[in-house]
């Protein structure tokens, strides 16, 4: 099946290794990635929306128009992009005054939002259009005995009436995906705590990040399994910042789910970009008999 | 109020309930600044605050309330209802401590969507020109490049080395054209009911 790739900003610019993992792991699942020129930032659901709500909605609508012109449903690889595009799609489909307002602006560039496509995060695309069986079939090297602490993050699941991905209080989708590659999903106490990235404060984001990391540490895992680059940045850069500021070293390696899928599909750590990580999942490499350069 | 000082949990009868420019409360009479409130109600996502009956369901699951003394979504909604916008629209407003996690949106039995009310307040802060540097710099980066993260030197080579295609260009004339408001009043005005969802 064809799926229209919406890369966003954070992954292609700051964490291109995640894009590598996505591009390598989807074809074995039977997904043909379609690239399209012209997409802008989704745009950013936190600070850009805080600055200009109407502009946020309109820029999102322009991206949706490009997908409508291509006639293919969008898949996203970042929770922020998923949030913005799903929410905008929902508002524009269900609120005619908003759609009219946005379309007045889009007319300036010869576009019109029509509400013809769906937006799905990559994990939802896999669950709905590919099936977990296909994921299991693609595995060549099950990650046996690998303990992965799940962190869903906020914007894949909430607001749940718009996202419609899973029950935000009892989500299953990542558990199932982790099990499908032979690893063990580990539930830790602070699994629902926000990473704190959006708070503007010198200490507050680090306080939230640290609370999650301590909880993960307590659960004695090989790595965290994430699907959001913003969460990743909190648990990667944030973790190093905490170590520098307070001396507390936790050594909890955050890993993007599709890097784990790649390892299970037989790719090397370097082939899924794990050599670029500052906090490497060394015990995971050991368990699957792989080193990293 | 500054971000560091927790505000009073419950308005005391002798003290003003909210900032001096907002509503004031004496033992007998509470004045609600309806004009200040109207300004927020006109912004997309702001008008649902009127459904708030102050149950506090938004507080229990709020990570910012848990980790930042003085941040309390119920109190922010109350301040808005009383028209005390001045204290929420000041440059170091407490609302920037919100984590945008949407737990309050999930928990609210009245569908107030407190996080959306807070986003509407943030839009007013931007309108007043008091936005924090973090917000301004992302806003400008997107306005200039169409992307939220600055493209660093060497990225093209890194992507090539990783076997990734180059970043495709973005038509910035299009982005700038659609970001220009139609009129100053676009997207506002309770008469067109923008912000209400069907």
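Chains as they are written, first to last, in our numbering: chain A, 46 to 338; chain B, -14 to 183.
Backbone N, C-alpha and C define an ideal beta-carbon position, used for all residues, glycine too.
Just so it is clear, the structure is predicted and the values come from calculations on it, not from any experiment.
Among the options, the one whose alpha carbon lies nearest that of residue i
i             : options                    : result
residue 77/A  : 171/A, 94/A, 217/A, 93/A   : 171/A
residue 153/B : 58/A, 314/A, 46/A, 309/A   : 58/A
residue 164/B : 220/A, 188/A, 150/A        : 150/A
residue 133/A : 190/A, 202/A, 50/A, 208/A  : 208/A
residue 184/A : 130/A, 307/A, 317/A        : 307/A
residue 123/B : 311/A, 95/A, 71/A          : 95/A
residue 63/B  : 33/B, 119/B, 48/B, 76/B    : 33/B
residue 319/A : 227/A, 305/A, 310/A, 331/A : 305/A
residue 217/A : 312/A, 195/A, 316/A        : 195/A
residue 148/B : 72/A, 48/A, 64/A           : 64/A
residue 142/A : 66/B, 29/B, 50/B           : 29/B
residue 154/A : 160/B, 17/B, 16/B, 110/B   : 160/B
residue 347/A : 48/A, 297/A, 139/A, 54/A   : Residue 347/A cannot be examined here, being either before or after the span of chain A that is shown, 46 to 338.
residue 82/A  : 91/A, 73/A, 110/A, 101/A   : 110/A
residue 97/B  : 146/B, 166/B, 26/B         : 26/B
residue 158/B : 142/B, 129/B, 143/B, 134/B : 129/B
residue 272/A : 286/A, 302/A, 145/A        : 302/A
residue 78/B  : 87/B, 58/B, 133/B          : 58/B
residue 114/A : 101/A, 93/A, 159/A         : 159/A
residue 50/A  : 119/A, 221/A, 200/A, 317/A : 119/A
residue 215/A : 229/A, 198/A, 227/A        : 198/A
residue 315/A : 328/A, 336/A, 290/A, 329/A : 336/A
residue 60/B  : 73/B, 23/B, 48/B           : 73/B
residue 265/A : 244/A, 288/A, 296/A, 277/A : 296/A
residue 190/A : 70/A, 162/A, 275/A, 231/A  : 231/A
Residues bridged to residue i (per DSSP)
i             : result
residue 301/A : 271/A
residue 121/A : 51/A, 166/A
residue 192/A : 229/A
residue 77/A  : 47/A
For residue j and residue i, believed in contact at Cβ under 8 angstroms, the rounded distance
i             : j             : result
residue 239/A : residue 84/B  : 5 angstroms
residue 225/A : residue 181/A : 5 angstroms
residue 62/A  : residue 321/A : 5 angstroms
residue 210/A : residue 233/A : That pair is no contact at about 21 angstroms.
residue 87/A  : residue 108/A : 7 angstroms
residue 204/B : residue 80/A  : Outside the displayed range of chain B (-14 to 183) lies residue 204/B, so it cannot be described from this structure.
residue 19/B  : residue 68/B  : 6 angstroms
residue 90/B  : residue 204/A : 5 angstroms
residue 36/B  : residue 95/B  : 4 angstroms
residue 102/B : residue 31/B  : 6 angstroms
residue 89/A  : residue 137/B : Between residue 137/B and residue 89/A the Cβ distance is about 18 angstroms, and since that is not below 8 angstroms, they are no contact.
residue 112/A : residue 147/A : That belief does not hold up - the Cβ atoms of residue 112/A and residue 147/A are roughly 15 angstroms apart, past 8 angstroms.
residue 270/A : residue 254/A : At roughly 16 angstroms, the Cβ-Cβ gap does not stay under 8 angstroms, so residue 270/A and residue 254/A are not in contact.
residue 186/A : residue 309/A : 6 angstroms
residue 202/A : residue 213/A : 4 angstroms
residue 92/A  : residue 113/B : Their Cβ separation, rounded to whole angstroms, is 16 angstroms, which puts residue 92/A and residue 113/B out of contact at 8 angstroms.
residue 13/A  : residue 188/A : No information on residue 13/A is available, as it lies outside the stretch 46 to 338 that chain A covers here.
Worksheet entry | Runs of alpha helix (DSSP H) wholly within the stretch 87 to 164 of chain B (minimum 4 residues, chain order) | 88 to 92, 99 to 113, 118 to 130, 140 to 146, 157 to 164, all fully within the stretch 87 to 164 of chain B.
Worksheet item: Listed from N- to C-terminal order along the chain, which residues in the stretch 121 to 141 of chain B have their beta-carbon within a distance smaller than 7 angstroms of any beta-carbon of chain A?
Response: For chain A, the residues of the stretch 121 to 141 of chain B that bring a beta carbon within less than 7 angstroms of one of its beta carbons are 123, 124, 127, 131, 132, 133, 134, 136, 140, in chain order.
Worksheet item: According to a CB-to-CB cut-off of less than 7 angstroms, which residues of the stretch 142 to 158 of chain A neighbour chain B?
Response: Here the close residues are 142, 143, 146, 149, 150, 151, 153, 154.
Fill in: Members of the stretch 26 to 57 of chain B that neighbour chain A once the beta carbon cut-off is set at 8 angstroms
Listed in sequence order: 28, 29, 30, 48, 49, 52, 53.
Discussion item. Taking beta-carbon pairs under 9 angstroms, can you tell me which members of the stretch 145 to 166 of chain B lie near chain A?
Written reply: If the cut-off is 9 angstroms between Cβ atoms, the stretch 145 to 166 of chain B has 147, 148, 149, 150, 152, 153, 154, 155, 156, 157, 158, 159, 160, 162, 163, 164, 165, 166 near chain A.
Discussion item. Under 9 angstroms, CB to CB, which of the residues in the stretch 227 to 250 of chain A have a partner in chain B?
Written reply: Per Cβ criterion, the list reads 237, 238, 239, 240, 241, 242, 243, 244, 245, 246, 248, 249, 250.
Item to complete: Can you check the stretch 133 to 164 of chain A for any beta strand (DSSP E) of at least 3 residues that lies completely inside it and give the ranges in chain order?
Response: None, since the stretch 133 to 164 of chain A contains no complete beta strand (DSSP E) of that length.
Item to complete: Determine which residues of the stretch 86 to 104 of chain A have a Cβ less than 9 angstroms from any Cβ of chain B, and write them out in chain order.
Response: Of all residues in the stretch 86 to 104 of chain A, 86, 87, 88, 89, 90, 91, 92, 93, 94, 95, 96, 97, 98, 99, 100, 102, 103, 104 have a Cβ within less than 9 angstroms of some Cβ in chain B.
Discussion item. Please list, in chain order, the residues of the stretch 318 to 331 of chain A that have any C-beta partner in chain B closer than 8 angstroms.
Written reply: The stretch 318 to 331 of chain A vs chain B, Cβ under 8 angstroms: 318.
Discussion item. Beta carbons nearer than 8 angstroms to chain A: which residues of the stretch 72 to 94 of chain B have them?
Written reply: So the list reads 81, 82, 83, 84, 85, 86, 87, 88, 90, 91, given in the order they occur along the chain.
Discussion item. Output needed in chain order: residues of the stretch 182 to 215 of chain A with a Cβ under 7 angstroms from some Cβ in chain B.
Written reply: The stretch 182 to 215 of chain A vs chain B, Cβ under 7 angstroms: 199, 203, 204, 205, 213.
Discussion item. Going residue by residue through the stretch 199 to 268 of chain A, where are the continuous alpha helix (DSSP H) segments of at least 4 residues, counting only ones entirely within it?
Written reply: The stretch 199 to 268 of chain A contains these whole alpha helix (DSSP H) runs: 205 to 208, 218 to 225, 249 to 263.
Worksheet item: According to a CB-to-CB cut-off of less than 7 angstroms, which residues of the stretch 281 to 298 of chain A neighbour chain B?
Response: Correct list: empty, as no residue qualifies.
Discussion item. Against chain A, which members of the stretch 59 to 72 of chain B pass a CB distance test of less than 8 angstroms?
Written reply: Of all residues in the stretch 59 to 72 of chain B, none has a Cβ within less than 8 angstroms of some Cβ in chain A.
Discussion item. List, from N- to C-terminal side, the beta strand (DSSP E) runs of 3 residues or more that fit wholly inside the stretch 41 to 77 of chain B.
Written reply: Complete beta strand (DSSP E) runs here, min 3: none at all.
Practice prompt. Residues of the stretch 110 to 121 of chain B with a CB closer than 7 angstroms to any CB of chain A: list them in chain order, please.
Written response: For the stretch 110 to 121 of chain B, which is checked against every Cβ of chain A, the residues closer than 7 angstroms are 111, 116, 117, 119, 120.
Worksheet item: the stretch 69 to 86 of chain A: which residues have C-beta closer than 7 angstroms to a C-beta of chain B, in chain order?
Response: Answer in chain order: 80, 82, 83, 85, 86.
Practice prompt. Name, going along the chain, the residues of the stretch 249 to 266 of chain A whose beta-carbon falls closer than 9 angstroms to a beta-carbon of chain B.
Written response: Residues passing the 9 angstroms Cβ filter: 249, 250, 252, 253, 256.
Discussion item. At a CB distance below 8 angstroms, what residues from the stretch 49 to 61 of chain A approach chain B? Give them in sequence order.
Written reply: Listed in chain order, the positions of the stretch 49 to 61 of chain A with a beta carbon within less than 8 angstroms of a beta carbon of chain B are 54, 55, 57, 58, 59, 61.
Practice prompt. Go through the stretch 301 to 337 of chain A residue by residue and report every complete run of the beta strand (DSSP E) that reaches 3 residues or more, in order.
Written response: The beta strand (DSSP E) runs of length 3 or more contained entirely in the stretch 301 to 337 of chain A do not exist; there are none.
Worksheet entry | Residues, ordered as in the chain, of the stretch 108 to 130 of chain A that lie near chain B by beta-carbon distance below 9 angstroms | Contact residues of the stretch 108 to 130 of chain A toward chain B are 125, 128 (C-beta to C-beta distance below 9 angstroms).
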